[in-house]
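Visitor: Chains A and B supply the protein sequences, listed in that same order. Number 79 in my numbering belongs to position 65 of the first sequence; there are no gaps in the numbering. Number 997 in my numbering belongs to position 61 of the second sequence; there are no gaps in the numbering.
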Amino acid sequence: MNGPVAEREGLDEAQAGLAPSEFADLYTAHSRAIYYLALRFLGDPQKAEDATHDVFLKAFRKMDQFRGDASWRTWLYRIAINHCRNLQQSWHARHLFTNADEAVWENAEAKADSPLRVLETKELGERIQKALDSLPEEYRLLLLLVADEEMSYEEVGSLTDQSPDAVRGKLHRARKAFAVLFKKSS
Amino acid sequence: MKRQTKLTSTGQHQLHAAEQQTQEKSALEFATAEELLRYDADHTTVPASIARRLQESAATLPRPARPWWRRLFKK
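#1: Distance cutoff 8 angstroms, beta carbons only. Does Thr-66/A sit that close to anything in chain B?
#2: Quick check on Ile-93/A - is its C-beta less than 8 angstroms from some C-beta in chain B?
#3: Comparing alpha-carbon positions, which option in Tyr-167/A, Ala-161/A, Val-170/A lies nearest Ala-967/B?
#4: Tell me whether the beta-carbon of Asp-978/B lies closer than 8 angstroms to the beta-carbon of Ile-142/A.
#5: Verify the CB distance criterion: does Tyr-41/A have a CB-CB separation below 8 angstroms to chain B?
#6: Buried or exposed for Gly-171/A, please, with buried defined as at least 16 other CB atoms from any protein chain shown within 10 angstroms of its CB.
#7: Can you tell me whether His-186/A is buried or exposed? The criterion is at least 16 other CB atoms within 10 Å of its CB, across all chains shown.
#8: Identify, in the order they occur along the chain, each residue of the same chain with its Cβ nearer than 6 angstroms to the Cβ of Ala-13/A, setting aside the five sequence neighbours on each side.
#9: Consider the Cβ of Ala-52/A: report whether some Cβ of chain B lies at a distance smaller than 8 angstroms.
#10: Please confirm if Gly-183/A has its CB atom under 8 angstroms from at least one CB of chain B.
#11: Determine whether the beta carbon atoms of Phe-196/A and Leu-130/A lie at a separation below 8 angstroms.
#12: Quick one: which chain B residues come within Cβ less than 8 angstroms of Ser-45/A?
#13: In three-state DSSP terms, what is Glu-164/A?
#14: Given that Leu-138/A touches chain B, what residues does it touch there, using C-beta distances under 7 angstroms?
#15: Just checking: is the beta-carbon of Pro-129/A within a distance shorter than 8 angstroms of some beta-carbon in chain B?
#16: In chain order, what residues of the same chain have a beta carbon less than 7 angstroms from the beta carbon of Pro-59/A, not counting five sequence neighbours either side?
#17: Mind checking if Glu-164/A is an interface residue toward chain B, Cβ cutoff 8 angstroms exclusive?
#18: Which residues in the same chain as Pro-178/A place their Cβ atom closer than 7 angstroms to its Cβ, once the five residues preceding and following it in sequence are excluded?
#19: Note down, in chain order, each residue of its chain lying with its Cβ closer than 7 angstroms to the Cβ of Ala-145/A, except the 5 sequence neighbours on either side.
#20: Note down, in chain order, each residue of its chain lying with its Cβ closer than 6 angstroms to the Cβ of Leu-201/A, except the 5 sequence neighbours on either side.
#21: Using the C-alpha atoms, what's the distance from Asp-83/A back to Pro-150/A?
#22: I'd like the ranges of any alpha helix (DSSP H) spanning at least 4 consecutive residues and lying wholly in the segment 71 to 113 of chain A.
#23: Give the straight-line distance between the Cα atoms of Ser-148/A and Pro-983/B, rounded to the nearest whole angstrom.
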């Protein structure tokens, strides 16, 4: 992108939180991460597109509130997570999760560290979505955030309101649950 | 007849082996869920329409305020 906002006339660094070219750079650097989170969190490409647009628009409007306490990506993720959660709540599409479900995964044969195989790349997205859709929101979000190499456990913990140690602990269960569901989806 | 059956059987075996080899070549293997998701993310294309819509939407907004740190450090 050569700056959807960058091309906006009359907006310069002195007037905006970021110079137009800087906002364009922000979009270029983080749009894939935000779109992917929205896509796999919401499970619908059109909703993900709308959500990504809304997240960056919100970021554009609230740029003056960014204080640099966290990275831009963490800040954008926070907006995206809140936005996606609000959307899900309004659609009454929240996934109910019980301890009984967790017991099923704990006793399942698949191991968290066993390799996940897939034959066709085109099938991959569908299988991943199927597995993620069956996961509780907490696990889904954790896996999506940890999969981003730019995110540390500390940052993931901050976004999910828990300590880095709690992230590590839950991540093991999330991996195992995902492995079971992914294998079932083949 | 018996010989033909044997050839057919061998041919089928070769075909099966070739199919298996093709499958093995196209098979992707990931050690963890994160690795799989990372691969998926890398192969996900962000629709170009988002950037266009963002440009249109941003054009209708009032200009964002100048942040405190720019007010502090820059004229």
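Beta carbons are placed, not taken as given, at the ideal position from N, Cα and C, and that holds for glycine.
Guide: Result, derived from the coordinates:
#1: yes
#2: Residue contact check for Ile-93/A against chain B: no CB pair falls below 8 angstroms.
#3: Ala-161/A
#4: no
#5: yes
#6: For Gly-171/A, the number of other beta carbons within 10 angstroms of its own is at least 16, and it is reported as buried.
#7: Exposed: under 16 other Cβ atoms inside 10 Å.
#8: Chain A is shown only over 15 to 200; residue 13/A falls outside these bounds and no answer can be derived.
#9: no
#10: no
#11: yes
#12: Val-982, Ile-986, Ala-987
#13: Correct three-state label for Glu-164/A: coil.
#14: Neighbourhood of Leu-138/A in chain B, by CB distance below 7 angstroms: Asp-976, in chain order.
#15: yes
#16: Leu-53
#17: no
#18: Tyr-167, Glu-168, Gly-171
#19: Phe-192, Leu-195, Phe-196, Ser-199.
#20: Since the displayed chain A opens at 15 and closes at 200, residue 201/A lies outside it and no answer follows.
#21: 29 angstroms
#22: 86 to 104
#23: 26 angstroms
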